[in-house]
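A.B. asks: Below is one structure. I have some questions about it.
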Amino acid sequence: MAMTYPEYIWQNGAIKPWAEATVHVMAHALHYGSSVFEGIRSYETPNGPAIFRLTDHLKRLYLSAKIYDIVIPYTIDELAEACREVIRRNGLTKAYLRPVAFRGLGGFGLSADTPTDVAVATWEMGPYLGPGVLETGIDACVSSWQRFAPNTIPAGAKAGGNYLSGQLIAREARRLGFGEGIALASTGLLSEGAGENLFLMFDGQMHTTPASAAILNGITRHTLITLARDNGIEVIERDMPREYLYLADEILMCGTAAEVTPIKSVDGKPVGEGKAGPITRRIQDLYFGLFKGTTEDRWGWLDPVG
Ligand code: PMP
Numbered sequence: 004m005a006m007t008y009p010e011y012i013w014q015n016g017a018i019k020p021w022a023e024a025t026v027h028v029m030a031h032a033l034h035y036g037s038s039v040f041e042g043i044r045s046y047e048t049p050n051g052p053a054i055f056r057l058t059d060h061l062k063r064l065y066l067s068a069k070i071y072d073i074v075i076p077y078t079i080d081e082l083a084e085a086c087r088e089v090i091r092r093n094g095l096t097k098a099y100l101r102p103v104a105f106r107g108l109g110g111f112g113l114s115a116d117t118p119t120d121v122a123v124a125t126w127e128m129g130p131y132l133g134p135g136v137l138e139t140g141i142d143a144c145v146s147s148w149q150r151f152a153p154n155t156i157p158a159g160a161k162a163g164g165n166y167l168s169g170q171l172i173a174r175e176a177r178r179l180g181f182g183e184g185i186a187l188a189s190t191g192l193l194s195e196g197a198g199e200n201l202f203l204m205f206d207g208q209m210h211t212t213p214a215s216a217a218i219l220n221g222i223t224r225h226t227l228i229t230l231a232r233d234n235g236i237e238v239i240e241r242d243m244p245r246e247y248l249y250l251a252d253e254i255l256m257c258g259t260a261a262e263v264t265p266i267k268s269v270d271g272k273p274v275g276e277g278k279a280g281p282i283t284r285r286i287q288d289l290y291f292g293l294f295k296g297t298t299e300d301r302w303g304w305l306d307p308v309g
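Using the numbering used here, the first residue of the sequence shown is number 4, and each one after it goes up by one.
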């Protein structure tokens, strides 16, 4: 699909025209996946455009970088300001932000100490899993690809190389006609979606897979846990076998890009009544209410673009 690009991007300390933000083909990250990145959204709110959980996302970026010894030559505050600035300069309000830090040009060995390049891009983005899916839900399948084992690649780092696994899962699902793929962990137990965390609802409670199930510790997942508990809905972090996908009353997928997407079937079997259930609807209302102003932001999650 043709993409229209925004006018400006932030790269290595300065705003520049989108087309000028290039890298050398021998940059380390291009060959070895040695990048760390974030996906963040900004929303139009009654108090003007705001970036959702900006500091929490940037903190995770630095933690991902720490795991791989990637030194980011900017402070969190500097990158936070870069995020606000690209949105302002591109005249965007409801947008997706992509900070990325990667090993650049300067060595070809695996353990080479290369300089770190940093960029922040932004663009307009609607629902990630397709138009209308927040209402209708998606048909998901269990992937034939497992997530990586915890002693191979750390799932808790949001690193470029991890997304080879995500691409296999997502592309297989699309090829077979599904909206998204769900992966099992190397234990055979449930892990997460290609780029989303999972919540399964049983008897009014929300169950989500734990950090030890090769998941990315999602910020949306944390947001939903917080909102649910704050509203008297019990949330349990636990391992679950595959068949729970066929037995749950409701299932939702969540992530910055996917937001809160209902799952209406898994492997062709309807989830509950085959449409978004009451807990999913309630969680969607609470989540999107943060941006509409109907859910009070008691946690300081909205960072004004200014
Ligand atoms: N799992 C994976 C593999 C992801 O890529 C994402 C998206 N970043 C998520 C879960 C959800 O994380 P978050 O809510 O922080 O966007």
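Note that beta-carbon positions come from the ideal geometry of N, C-alpha and C, so glycine has one too.
Under 7 Å between the Cβ atoms of K272 and G140?
C.D. replies: no
A.B. asks: Just to check, is the beta-carbon of G309 closer than 6 Å to a non-hydrogen atom of the ligand PMP?
C.D. replies: no
A.B. asks: Starting from S311, follow the alpha helix (DSSP H) in both directions and report where the run begins and ends.
C.D. replies: The structure shown has nothing for residue 311, since the chain only spans 4 to 309.
A.B. asks: When the Cβ atoms of the stretch 250-269 are set against those of the stretch 127-147, are three or more pairs found closer than 8 Å?
C.D. replies: The stretch 127-147 and the stretch 250-269 touch, with three or more beta-carbon pairs separated by less than 8 Å.
A.B. asks: Would E41 and H60 be called neighbours here (beta carbons separated by less than 7 Å)?
C.D. replies: Closer than 7 Å, so yes.
A.B. asks: Tell me the rounded alpha-carbon separation between N220 and A214.
C.D. replies: 6 Å
A.B. asks: Using a Cβ-based criterion (distance less than 6 Å to any ligand heavy atom), does I222 qualify as near the ligand PMP?
C.D. replies: yes
A.B. asks: Output needed for G198: all residues of its chain with C-beta closer than 6 Å, excluding positions within five of it in sequence on either side, in chain order.
C.D. replies: G169 and G258
A.B. asks: Give the straight-line distance between the Cα atoms of I286 and I228, rounded to the nearest whole angstrom.
C.D. replies: 10 Å
A.B. asks: Straight-line CA distance for N15 to R101?
C.D. replies: 14 Å
A.B. asks: Between L230 and L171, how many whole angstroms is the CB-CB distance? I'm expecting something under 8 Å.
C.D. replies: Contact flag wrong, Cβ pair sits at about 32 Å.
A.B. asks: Within this structure, are the beta carbons of E240 and M204 separated by less than 7 Å?
C.D. replies: no
A.B. asks: Is it the case that the Cβ atoms of E183 and L248 are separated by a distance below 7 Å?
C.D. replies: A distance of 7 Å or more separates the beta carbons of E183 and L248.
A.B. asks: Once DSSP output is grouped into helix, strand and coil, what is the label at Q208?
C.D. replies: The three-state secondary structure of Q208, taken from DSSP, is strand.
A.B. asks: Smallest Cα separation from I73: which of T283, V238, V121 and L192?
C.D. replies: With distances taken between Cα atoms, I73 lies closest to V121.
A.B. asks: Chain D beta carbons: is any one of them nearer than 7 Å to that of P102?
C.D. replies: As a matter of chain content, chain D is missing from the structure shown, which is built from one protein chain.
A.B. asks: What is the DSSP secondary structure of R44, counted as helix, strand or coil?
C.D. replies: R44: strand per DSSP, three-state reduction.
A.B. asks: Using 8 Å as the cut-off, can you tell me whether the stretch 21-40 makes contact with the stretch 99-116, which would need three or more C-beta pairs spanning the two stretches below that distance?
C.D. replies: yes
A.B. asks: So, are the CB atoms of A188 and R150 less than 7 Å apart?
C.D. replies: yes
A.B. asks: Just to confirm, does E195 get its C-beta within under 6 Å of one of the non-hydrogen atoms of the ligand PMP?
C.D. replies: yes
A.B. asks: Check this for me: beta carbons of H31 and T117, under 7 Å apart or not?
C.D. replies: yes
A.B. asks: For W126, name the three-state secondary structure that DSSP assigns.
C.D. replies: Here DSSP, grouped into helix, strand and coil, assigns W126 to strand.
A.B. asks: For the candidate residues T226, G309, D306 and Y77, whose alpha-carbon lies nearest to that of F202?
C.D. replies: T226
A.B. asks: Would you mind giving the Cβ-Cβ distance between I1 and S45, rounded to the nearest angstrom? I have them listed as a contact below 8 Å.
C.D. replies: It is not possible to answer for residue 1, since the shown part of the chain is limited to 4 through 309.
A.B. asks: What does the alpha-carbon distance come out to for the pair N50 and M256?
C.D. replies: 28 Å
A.B. asks: Spatial neighbours of L179 within its chain, please: C-beta separation below 7 Å, excluding the five flanking residues on both sides.
C.D. replies: C144
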